[in-house]
Amino acid sequence: MFLKNWWYVAGWSHQVTPGEIVARTIVGDSIILYRAGSGGIAAPRDLCCHRFAPLSRGRIEGDDIRCMYHGLKFSASGACVEIPSTDKIPAGVAVRSYPVLEQDRWIWVWMGDPARADPALIPRAIGHGDPAYVVNTGELHYDANYQLIHDNLLDLTHLSYVHEKTLGRNNSAWGRTQPDFTPLDHGVRVKRWLRDTPAASYAPMPDGTKVDQWSACDFVVPGVFLLRSSGYPVGTAERFPDGPAGLEPLYETVTSQAVTPVTETSTIYYYSGGQPARQAAEAKLRLQIEMFGVAFREDKDMIEAQQKIIDASGGDAMMTLSFDRSVAQFRRLMAKLIEADGSASR
Amino acid sequence: MFLKNWWYVAGWSHQVTPGEIVARTIVGDSIILYRAGSGGIAAPRDLCCHRFAPLSRGRIEGDDIRCMYHGLKFSASGACVEIPSTDKIPAGVAVRSYPVLEQDRWIWVWMGDPARADPALIPRAIGHGDPAYVVNTGELHYDANYQLIHDNLLDLTHLSYVHEKTLGRNNSAWGRTQPDFTPLDHGVRVKRWLRDTPAASYAPMPDGTKVDQWSACDFVVPGVFLLRSSGYPVGTAERFPDGPAGLEPLYETVTSQAVTPVTETSTIYYYSGGQPARQAAEAKLRLQIEMFGVAFREDKDMIEAQQKIIDASGGDAMMTLSFDRSVAQFRRLMAKLIEADGSASR
Amino acid sequence: MFLKNWWYVAGWSHQVTPGEIVARTIVGDSIILYRAGSGGIAAPRDLCCHRFAPLSRGRIEGDDIRCMYHGLKFSASGACVEIPSTDKIPAGVAVRSYPVLEQDRWIWVWMGDPARADPALIPRAIGHGDPAYVVNTGELHYDANYQLIHDNLLDLTHLSYVHEKTLGRNNSAWGRTQPDFTPLDHGVRVKRWLRDTPAASYAPMPDGTKVDQWSACDFVVPGVFLLRSSGYPVGTAERFPDGPAGLEPLYETVTSQAVTPVTETSTIYYYSGGQPARQAAEAKLRLQIEMFGVAFREDKDMIEAQQKIIDASGGDAMMTLSFDRSVAQFRRLMAKLIEADGSASR
Chain U
1152 MFLKNWWYVA GWSHQVTPGE IVARTIVGDS IILYRAGSGG IAAPRDLCCH RFAPLSRGRI
1212 EGDDIRCMYH GLKFSASGAC VEIPSTDKIP AGVAVRSYPV LEQDRWIWVW MGDPARADPA
1272 LIPRAIGHGD PAYVVNTGEL HYDANYQLIH DNLLDLTHLS YVHEKTLGRN NSAWGRTQPD
1332 FTPLDHGVRV KRWLRDTPAA SYAPMPDGTK VDQWSACDFV VPGVFLLRSS GYPVGTAERF
1392 PDGPAGLEPL YETVTSQAVT PVTETSTIYY YSGGQPARQA AEAKLRLQIE MFGVAFREDK
1452 DMIEAQQKII DASGGDAMMT LSFDRSVAQF RRLMAKLIEA DGSASR
Chain Z
1152 MFLKNWWYVA GWSHQVTPGE IVARTIVGDS IILYRAGSGG IAAPRDLCCH RFAPLSRGRI
1212 EGDDIRCMYH GLKFSASGAC VEIPSTDKIP AGVAVRSYPV LEQDRWIWVW MGDPARADPA
1272 LIPRAIGHGD PAYVVNTGEL HYDANYQLIH DNLLDLTHLS YVHEKTLGRN NSAWGRTQPD
1332 FTPLDHGVRV KRWLRDTPAA SYAPMPDGTK VDQWSACDFV VPGVFLLRSS GYPVGTAERF
1392 PDGPAGLEPL YETVTSQAVT PVTETSTIYY YSGGQPARQA AEAKLRLQIE MFGVAFREDK
1452 DMIEAQQKII DASGGDAMMT LSFDRSVAQF RRLMAKLIEA DGSASR
Chain R
1152 MFLKNWWYVA GWSHQVTPGE IVARTIVGDS IILYRAGSGG IAAPRDLCCH RFAPLSRGRI
1212 EGDDIRCMYH GLKFSASGAC VEIPSTDKIP AGVAVRSYPV LEQDRWIWVW MGDPARADPA
1272 LIPRAIGHGD PAYVVNTGEL HYDANYQLIH DNLLDLTHLS YVHEKTLGRN NSAWGRTQPD
1332 FTPLDHGVRV KRWLRDTPAA SYAPMPDGTK VDQWSACDFV VPGVFLLRSS GYPVGTAERF
1392 PDGPAGLEPL YETVTSQAVT PVTETSTIYY YSGGQPARQA AEAKLRLQIE MFGVAFREDK
1452 DMIEAQQKII DASGGDAMMT LSFDRSVAQF RRLMAKLIEA DGSASR
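As structure tokens, this is what we get:
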């Protein structure tokens, strides 16, 4: 089950270059992305309405796309503008075209009813295209349902176990802390102090430095994870238990991550990792994005194994324990939106 | 859905050599082909009736085939003639055997009720085994339903797009011409002039020669494509719009192609390419069959992509446009025969 | 359909070493095996009850196993003994644990109701761990249903065909002899003389020696094959048609084989091959286990091909001929047990 009436990240802006057709499947629907002659991105369905040949094997002609099976040509909005052997184009010969926008270096496509495509629903990625930040990017394919990846991102206790050797830094602090939790209109906000903990290896600090680390994360529909982590001198958490508002941190790291369902059992995951330009050192930035790559593969291994077990045994009997509050809340929110969506098919 | 009560091409005569067992699956049924000691081909089901072991792992013994699991031996007609541990062969111990014929270098197997196997239904391949022609052969496996390959062969407008760089010769003439169309008892006949068009690269003409090209194609049940193409001086089409009957062409090329369903989603395609012996040059003949190989892979890429889209989305909403007349007619004919067949199973 | 309430071989004792987690799927259920600190084997389900993460990716901690997704820890009996972020362990947080025993170098796991796990049901492997015998071991994975492997082992006529070049020694004696057959409580007993036959190549005899060979095989639930073969001077069978009880053989060879269903379409097969210590020569013993490896791959090729045919065509119409008495008897016995089991699911 997918939420159809929402914006999904379809890739990085730099992935769609003039003259190239990029094929994507999002929430089960296959589309292509190409830059029309005018520079904007068109996002028609990857299917010629005539005999269901793929437009991803087509040819860009100015703003249009020509199907290279029998030569039908369609405008960026999906209208058929040419059938080679005839001058008469019958009514109804058209391909579906999806609303598409570029914002914060991500391409966003609205997979539902175009009339409901409200750009205000698109969340802002942190630091993407902002000169105050330096940001690197990556992506990862999962053979798993998107909700398992949501669950993973919504409950960071797993850092102490899945990422014991990487992000978890060999301590059980993530596992033992219950974070502060606030529901949002279209998501949840999760905040927490980790006290007297090693700074991230990619933070601009001498290795082994202990800090109080504040992390504030928004996880929003349809699966976008926006996290700022900041280090402060040990003792800060004691003095400011509700958060370090207004204090200057020793350092800050940021990441934005988008979980885009491909099918019910495959997902693509676009992520960035960055730091403020004023503190950014090339080597630490590279270490950050590389560690993300390693750590997210650890998630992938665990989640794909979990998916196989669910496939084999059904997952209905999964348990929600006390530390799964944000997991449960976000699942309820998605379920409510999918129901309202009326798109609870597939 | 398959038409069971018809002859299908099971391969080239030269593919079944003495002492070798050849396994084939046709319209979903697995059979073996082997030359009995007497030279004729036997075509039993690839399944020992005892414990369903494959006879393709058996041993030819004279006219008979022995199952190499428990040693049961069957005659070319499928009767069990030996059970090693007993002298008594119970009634009903037999394997199904299919009517088989060799004609025009093709092996034809009747996949339905043997009582209805009428050899007169087998079409004649063009030039196969005829000393007046020199013919080369090839074959190609498709991961696609046979009907998509029928559609492809019945509508040659695709030559301008799928084969733009090969058979289409970079012009849109195929795409823009509507052919003449005649229903046949068991097929359709499609004829057309292409005016002032480059001769095929493999025609015995200086490269770049322009001709009026006449093509006359029969596409007959269960999926046999028989095409003669002839080149004439430019202007001939103008003078003989209904065809060049009786005129001597500058050259002729011929091809016979058989589409044999393996399963609902896989198909094998046997094809020849040839020219009259009097005009045939070795280099041009080789070019012809090689270009067929390249071009048919272009079809395969397109059709397999089309099959995937149909699998993912259902193909019921495919459109029939004005230039799809022969496609639609042949689909109706097959549907009618399959219904009459009473074999609309699987 | 599986018999759940029975002991199955889950592997060799030496395959589960301290500190290592071994994953197994048996009759469709995935479990892990690990040696608790105390040395005994624990066999919990390979599934953390919380979010269905695999315990096979967990960490052994003394007698316990910790899930490395969110850190829950379980005792060898499956009780949850730690949830990192809380001191309160809710009722019902536990993983299923299976009864497990080691006997005769095999690990036996009871896949059904623990209350019914009676160790007396476990058959004794021949010579495993017995100083009077030297035994080598092997294993083989099949992409086939376990019943096809039972059928194969229950009817040794196939030695003359499947193993014509290996165990069958190029003669049709196995194929032509009907054995003596006795039903057992939980299996069948099959005995036979092969007269004036070449001794096995791995017997301690000059190559080409003819013997009268006596073989006595028990095949018992849930799929354990226990065979002793002995060679006697030619003529012995004539004098002792009912068997050589009490006579000293020229040599003896033994084998124990366990067929363990993985899923409905995959199976693992654990086998040994051995000889009495007093006659054992290293080269012959090696030849024996190597020939078993080669021969069992011949079975695997045949049975996997048979499975594909059954998958494609259904196997309901398989025939039971006069020499299939033990096959039919054992199938009935299994069907009766599965029905009594009440586990005729999956």
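Chains as they are written, first to last, in the numbering used here: chain U, 1152 to 1497; chain Z, 1152 to 1497; chain R, 1152 to 1497. Heads up, the beta-carbon is just placed ideally off N, CA and C, and yes, glycines get one too.
Short Cβ contact (9 Å threshold) for residue i with residue j
{"i": "residue 1443/U", "j": "residue 1305/U", "result": "no"}
{"i": "residue 1336/R", "j": "residue 1417/R", "result": "no"}
{"i": "residue 1202/R", "j": "residue 1219/R", "result": "no"}
{"i": "residue 1343/R", "j": "residue 1366/R", "result": "yes"}
{"i": "residue 1423/R", "j": "residue 1403/R", "result": "no"}
{"i": "residue 1488/U", "j": "residue 1252/U", "result": "no"}
{"i": "residue 1302/U", "j": "residue 1339/U", "result": "no"}
{"i": "residue 1193/U", "j": "residue 1214/U", "result": "yes"}
{"i": "residue 1289/R", "j": "residue 1256/R", "result": "no"}
{"i": "residue 1307/Z", "j": "residue 1237/U", "result": "no"}
{"i": "residue 1432/U", "j": "residue 1355/U", "result": "yes"}
{"i": "residue 1158/U", "j": "residue 1261/U", "result": "yes"}
{"i": "residue 1436/U", "j": "residue 1353/U", "result": "yes"}
{"i": "residue 1234/U", "j": "residue 1222/U", "result": "yes"}
{"i": "residue 1182/Z", "j": "residue 1216/Z", "result": "no"}
Reduced DSSP category for residue i - H, G, I as helix; E, B as strand; rest coil
{"i": "residue 1412/U", "result": "strand"}
{"i": "residue 1236/U", "result": "coil"}
{"i": "residue 1406/R", "result": "strand"}
{"i": "residue 1214/U", "result": "coil"}
{"i": "residue 1254/U", "result": "strand"}
{"i": "residue 1245/U", "result": "strand"}
{"i": "residue 1495/R", "result": "Reliability fails at residue 1495/R, whose pLDDT of 42 lies under 50, so the model's placement of it is uncertain and no value is given."}
{"i": "residue 1396/U", "result": "coil"}
{"i": "residue 1521/Z", "result": "Residue 1521/Z falls outside the range modelled here, since chain Z spans only 1152 to 1497, and no answer is possible."}
{"i": "residue 1275/Z", "result": "coil"}
{"i": "residue 1261/U", "result": "strand"}
{"i": "residue 1378/Z", "result": "strand"}
{"i": "residue 1478/R", "result": "helix"}
{"i": "residue 1326/U", "result": "helix"}
{"i": "residue 1486/R", "result": "helix"}
{"i": "residue 1388/Z", "result": "helix"}
{"i": "residue 1268/U", "result": "coil"}
Residue i classed as buried or exposed, judged by whether at least 16 other C-beta atoms fall within 10 angstroms
{"i": "residue 1477/Z", "result": "buried"}
{"i": "residue 1495/Z", "result": "Any reading at residue 1495/Z must be qualified, since the residue scores a pLDDT of 42, below 50, and its modelled position is unreliable; the value itself is stated next. Answer is exposed; the Cβ neighbour count stays below 16."}
{"i": "residue 1165/Z", "result": "exposed"}
{"i": "residue 1497/U", "result": "Per-residue confidence for residue 1497/U stands at a pLDDT of 39, beneath the threshold of 50, marking its modelled position as unreliable; the derived number appears in the next sentence. Exposed."}
{"i": "residue 1407/R", "result": "buried"}
{"i": "residue 1268/Z", "result": "buried"}
{"i": "residue 1498/Z", "result": "Nothing can be reported for residue 1498/Z, as the shown portion of chain Z is limited to 1152 through 1497."}
{"i": "residue 1292/R", "result": "exposed"}
{"i": "residue 1168/Z", "result": "exposed"}
{"i": "residue 1425/U", "result": "buried"}
{"i": "residue 1174/Z", "result": "exposed"}
Complete alpha helix (DSSP H) runs within the region 1283-1323 of chain U (minimum length 4 residues, chain order): 1297-1305
Short of 8 Å Cβ to Cβ, which residues in the region 1311-1325 of chain U face chain R? The region 1311-1325 of chain U vs chain R, Cβ under 8 Å: 1311, 1312, 1313, 1315, 1323.
Where in the region 1410-1472 of chain U do unbroken runs of the alpha helix (DSSP H), each at least 4 residues long, occur, reported from the N-terminal end onward? 1433-1464
Kindly provide the ranges of any beta strand (DSSP E) runs that are 3 or more residues long and lie completely inside the region 1333-1376 of chain Z, ordered along the chain. 1338-1349, 1361-1371
Got a sec: which bits of the region 1188-1212 of chain U sit with their beta carbon under 7 Å from any beta carbon on chain Z, in order along the chain? 1198, 1200, 1201, 1202, 1203, 1204, 1205, 1208
Check distances from the C-beta atoms of the region 1221-1254 of chain U to those of chain Z and list, in chain order, the residues that come in under 9 Å. 1221, 1222, 1223, 1234, 1235, 1236, 1237, 1239, 1241, 1243, 1244
Extract the residue ranges of the beta strand (DSSP E) inside the region 1166-1222 of chain U, only unbroken runs of 3 or more that lie entirely within it. 1173-1177, 1180-1186, 1210-1212, 1215-1217
Closer than 7 Å, Cβ to Cβ, to anything on chain Z: give me those residues from the region 1445-1457 of chain R, in chain order. 1453, 1456, 1457
Given a limit of 7 Å on CB to CB distance, which residues of the region 1469-1484 of chain Z reach chain U? 1469, 1470, 1472, 1473, 1474
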